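Asks: Sequential numbering from 2 applies to the sequence shown in our numbering.
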Amino acid sequence: MINRRKFLRYLYAGVLGVGLPLPLFAGESTYRYKQALRESETSIRDYIYKMRHFDDPHPSDVSLTPDQFDLLKSSLERMLRVQRLVGYGNFHLISFDDAIRMARGYARVGDFSKAKIDFLEQLFYSDASHYGFLGEKPVNRLTENIQRKEVIKIPGSGNYLYKGHSRGVYDTIRKSIGRDVILTSGVRSVMKQFLLFLRKAYRSRGNLSLASRSLAPPGYSYHAIGDFDVGQAGLGALNFTSRFAETDVFHRLQDLGYIRLRYARNNLLGVRFEPWHIRVRSEFRV
2 MINRRKFLRY
12 LYAGVLGVGL
22 PLPLFAGEST
32 YRYKQALRES
42 ETSIRDYIYK
52 MRHFDDPHPS
62 DVSLTPDQFD
72 LLKSSLERML
82 RVQRLVGYGN
92 FHLISFDDAI
102 RMARGYARVG
112 DFSKAKIDFL
122 EQLFYSDASH
132 YGFLGEKPVN
142 RLTENIQRKE
152 VIKIPGSGNY
162 LYKGHSRGVY
172 DTIRKSIGRD
182 VILTSGVRSV
192 MKQFLLFLRK
202 AYRSRGNLSL
212 ASRSLAPPGY
222 SYHAIGDFDV
232 GQAGLGALNF
242 TSRFAETDVF
252 HRLQDLGYIR
262 LRYARNNLLG
272 VRFEPWHIRV
282 RSEFRV
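(1) I'd like to know whether the C-beta atoms of leucine 94 and phenylalanine 195 end up nearer to each other than 8 Å.
(2) Where does leucine 65 fall in DSSP's three states?
(3) Beta-carbon within less than 6 Å of leucine 257's beta-carbon, same chain only, minus the 5 sequence neighbours each way: which residues are those?
(4) Among Val140, Phe113, Tyr223, Glu151, which one has its Cα closest to the Cα of tyrosine 126?
(5) Tell me the start and end of each unbroken alpha helix (DSSP H) in the region 162-222 that is at least 4 residues and wholly inside, in chain order.
(6) Let me know the secondary structure DSSP gives phenylalanine 245 once reduced to three states.
(7) Return the residue from the list Lys201, Phe251, Val231 that minimises the CA-CA distance to proline 218.
(8) Rounding to the nearest angstrom, what Cα-Cα distance links aspartate 172 and leucine 216 in this structure?
(9) Pairs of beta-carbons, one from the region 74-84 and one from the region 221-230, closer than 8 Å: are there three or more?
(10) So, are the CB atoms of isoleucine 174 and leucine 236 less than 8 Å apart?
(11) Would you say serine 190 and serine 96 are within 8 Å of each other, going by their C-beta atoms?
(12) According to DSSP, is glycine 237 helix, strand or coil?
(13) The beta strand (DSSP E) spanning isoleucine 147 covers which residue range?
(14) Determine, using beta-carbon pairs with one atom in the region 180-190 and one in the region 146-162, whether at least three such pairs fall under 8 Å.
(15) Using a beta-carbon distance below 8 Å, is serine 210 in contact with chain B?
(16) When you compare only the Cα positions, how much space is there between glycine 106 and isoleucine 118?
(17) From the DSSP output, in three-state form, read off lysine 138 for me.
(18) Using DSSP bridges, identify the partner residues of isoleucine 155.
(19) Give a yes or no on whether the C-beta atoms belonging to isoleucine 153 and arginine 142 are separated by under 8 Å.
(20) Can we say the region 199-213 touches the region 46-63, given the rule of at least three CB pairs closer than 8 Å?
(21) Below 8 Å on the Cβ atoms is my contact criterion, and I expect isoleucine 183 with serine 158 to pass it. Report the Cβ-Cβ distance as a whole number of Å.
(22) Which word fits arginine 214, buried or exposed, when buried means at least 16 other C-beta atoms lie within 10 angstroms of its C-beta?
(23) For isoleucine 49, count neighbouring C-beta atoms within 10 Å of its own C-beta (all shown protein chains included) and say buried if the count is 16 or more, exposed if not.
(24) Assign alanine 234 to one of two classes, buried (16 or more other C-beta atoms within 10 Å of its C-beta) or exposed (fewer than that).
(25) Please report the residue range of the alpha helix (DSSP H) in which phenylalanine 125 lies.
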């Protein structure tokens with residue numbers, strides 16, 4: 002798999018447009034140039050194909066070993082039990098440490114063994130570009146904790162938003178568009194992102210590359226620091242598909258200038274097009 006730095010260099014060099022700069026010398030330099038050009042064109046074609054078929058496995062995808070997949074499965078089972086224990090809404094805010102502690106204290110949840118914790122730590126601290134996710138990482142601590150005094154629950158949504166800027170953006174959108182626009186996903190803790198990512202990876206039989214094309218790996222989600230998802234009332238699960246880009250809500254958001262997409266069409270981050278994801282914050286948490 003081509004690495005992030007080399008892949009982005011090819012793209013920004015303009016292989017899709019003006020092409021790479023010509024070598025200064027002939028002979029071996031020309032050969033290296035042509036070889037690099039062929040490699041870059043192949044990589045870009047492969048990338049575009051993957052993004053268009055994001056939910057299909059591809060030969061270059063990175064998957065877990067059978068032993069790692071077993072650890073994923075048992076860890077996911079415990080996360081789902083913790084979510085049932087604390088409630089769906091509260092699980093959005095639960096920290097890694099709190100989930101581990103809760104699992105240890107409730108027999109019906111089941112303790113996270115050292116092997117499971119080591120697996121989760123390894124997954125969190127690994128560079129996600131190794132399996133194709135090229136976005137930045139706004140949360141660098143596994144034990145990052147969301148302060149309840151900093152968030153507010155949005156009535157009727159089951160989701161939270163950060164007070165201040167995120168809440169202000171959402172309220173402005175609601176005032177402009179009305180009840181047709183709904184909040185479909187707000188604040189997500191590291192543990193919530195773990196659950197979403199591992200569930201997708203489990204359904205894809207441990208294919209981390211496939212999972213990361215639809216869901217940011219834990220630590221890489223901007224939902225942890227302010228971004229949120231919106232949808233069209235009555236559209237249901239289709240709000241999380243490209244179908245949302247055809248709705249009245251999306252077009253009104255676009256016309257009013259509220260669309261600041263994190264993962265636009267043809268983005269270079271290894272993520273499918275997400276027209277429902279509203280970019281609120283771009284700065285990193287210190």
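C-beta: ideal position from N, C-alpha, C; glycine also. Computed from a predicted model, the values in this text were never measured in an experiment.
Replies: Considering the structure as presented:
(1) Numbered from 1 along the sequence shown, position 93 holds the residue referred to as residue 94. Numbered from 1 along the sequence shown, position 194 holds the residue referred to as residue 195. Taking 8 Å as the Cβ cut-off, leucine 94 and phenylalanine 195 do not qualify as a contacting pair.
(2) Position 64 of the sequence shown holds residue 65. Correct three-state label for leucine 65: coil.
(3) Counting from one through the sequence shown, the residue named residue 257 turns up at place 256. Taken in chain order, the residues that qualify are Ser177.
(4) Counting from one through the sequence shown, the residue named residue 126 turns up at place 125. That would be Val140, whose Cα lies nearest to the Cα of tyrosine 126.
(5) 166-178, 191-204, 209-213
(6) The residue you call residue 245 lines up with position 244 of the sequence shown. Looking at phenylalanine 245 - three-state DSSP - the assignment turns out to be helix.
(7) What you label residue 218 is simply residue 217 of the sequence shown in a count that begins at 1. Nearest of Lys201, Phe251, Val231 to proline 218, Cα basis: Lys201.
(8) Locating residue 172 in the sequence shown gives position 171, counting from the first residue. Locating residue 216 in the sequence shown gives position 215, counting from the first residue. If I take the Cα positions, the gap works out to 26 Å.
(9) no
(10) Position 173 of the sequence shown, counted from the first residue, corresponds to residue 174. Position 235 of the sequence shown, counted from the first residue, corresponds to residue 236. Contact flag unset, no.
(11) As a working note, residue 190 is residue 189 in the sequence shown. As a working note, residue 96 is residue 95 in the sequence shown. Yes.
(12) Here residue 237 refers to the residue found at position 236 when the sequence shown is read from its first residue. Three-state DSSP puts glycine 237 in a helix.
(13) Looking up residue 147 in the sequence shown gives position 146. No beta strand (DSSP E) holds isoleucine 147; DSSP gives it neither H nor E.
(14) yes
(15) No chain B is part of this structure, which consists of one protein chain only.
(16) Counted from its first residue, the sequence shown places residue 106 at position 105. Counted from its first residue, the sequence shown places residue 118 at position 117. Distance between the alpha carbons of glycine 106 and isoleucine 118 is about 16 Å.
(17) Residue numbering aside, residue 138 sits at position 137 when the sequence shown is read from its first letter. Coil.
(18) As a first step, residue 155 must be located in the sequence shown, where it is residue number 154. Paired residue(s): Asn160.
(19) Here residue 153 refers to the residue found at position 152 of the sequence shown. Here residue 142 refers to the residue found at position 141 of the sequence shown. Cβ atoms of isoleucine 153 and arginine 142: not closer than 8 Å.
(20) yes
(21) Counting from one through the sequence shown, the residue named residue 183 turns up at place 182. Counting from one through the sequence shown, the residue named residue 158 turns up at place 157. Contact flag correct, Cβ pair sits at about 7 Å.
(22) On the sequence shown, position 213 is the one that residue 214 refers to. Counting Cβ neighbours within 10 Å, arginine 214 comes out buried, since at least 16 surround it.
(23) Here residue 49 is taken as the residue at index 48 of the sequence shown, counted from 1. So isoleucine 49 counts as exposed.
(24) By 1-based counting over the sequence shown, the position of residue 234 is 233. Exposed is the call here.
(25) Position 124 of the sequence shown, counted from the first residue, corresponds to residue 125. 115-126 is the extent of the alpha helix (DSSP H) around phenylalanine 125.
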